[in-house]
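Participant: Following this message is one structure expressed as structure tokens.
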Amino acid sequence: MNLSNYNTTDEARFLHLRHPSSNAKLFTGADPKEPIGITLFGSDSARFRKAQHAQQTRRLSGASKRGRIKLRSEEIEADATDLMVAVTESLHNVELDKPLENSESNYRKLYDILWIRDQVDDFINERENYVGNSLTNS
Numbered sequence: 099m100n101l102s103n104y105n106t107t108d109e110a111r112f113l114h115l116r117h118p119s120s121n122a123k124l125f126t127g128a129d130p131k132e133p134i135g136i137t138l139f140g141s142d143s144a145r146f147r148k149a150q151h152a153q154q155t156r157r158l159s160g161a162s163k164r165g166r167i168k169l170r171s172e173e174i175e176a177d178a179t180d181l182m183v184a185v186t187e188s189l190h191n192v193e194l195d196k197p198l199e200n201s202e203s204n205y206r207k208l209y210d211i212l213w214i215r216d217q218v219d220d221f222i223n224e225r226e227n228y229v230g231n232s233l234t235n236s
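Positions in the sequence shown are counted from 1; adding 98 to them yields our numbering.
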């Protein structure tokens, strides 16, 4: 068995957002209905690892100056947001009062919404979303 067949891809994949209570996939109201979602790189991707290494280097640099690592929960949450922003390639049919353009500031606004943040975090950390030929999640 060739285990390299199970390597994760370094390509971004589409997360189809789901309703926070019914878990139904979200679509635009327009006809034809279009999926609402986000294209994301996974936690094994070069993009994720680069952002993660930068965070760890920053933390370790601060620790060497202070003699220990000292983190507040707000810093951990901010770092998690930074990782999500770093792996976001694009938004699809996403609106917050108006359609959102692809930009770091809009990604940050979107990830302030906890149910979206949870779905993004789960998606980028699920290797099955990045193995094989599937281009969308189910």
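Even glycine gets a Cβ: it sits at the ideal position worked out from N, Cα and C.
Along the chain, where does the alpha helix (DSSP H) containing residue 125 start, and where does it finish?
Facilitator: Careful: residue 125 lies outside any alpha helix (DSSP H) and carries neither H nor E.
Participant: DSSP three-state label for residue 170, please.
Facilitator: It is coil, neither helix nor strand.
Participant: Terminal residues of the continuous beta strand (DSSP E) containing residue 111?
Facilitator: 111-114
Participant: Name the DSSP bridge partner or partners of residue 193?
Facilitator: 197
Participant: Can you tell which of 196, 127, 145 has the C-alpha that lies nearest to the C-alpha of residue 187?
Facilitator: 145
Participant: Quick check on residue 155: does DSSP put it in helix, strand or coil?
Facilitator: helix
Participant: If we ignore side chains and look at the alpha-carbon of each, how far apart do residue 153 and residue 180 end up?
Facilitator: Distance between residue 153 and residue 180, taken at the CA atoms: about 9 angstroms.
Participant: Please name the residue in 189, 113, 173, 170 whose C-alpha comes closest to that of residue 202.
Facilitator: 189
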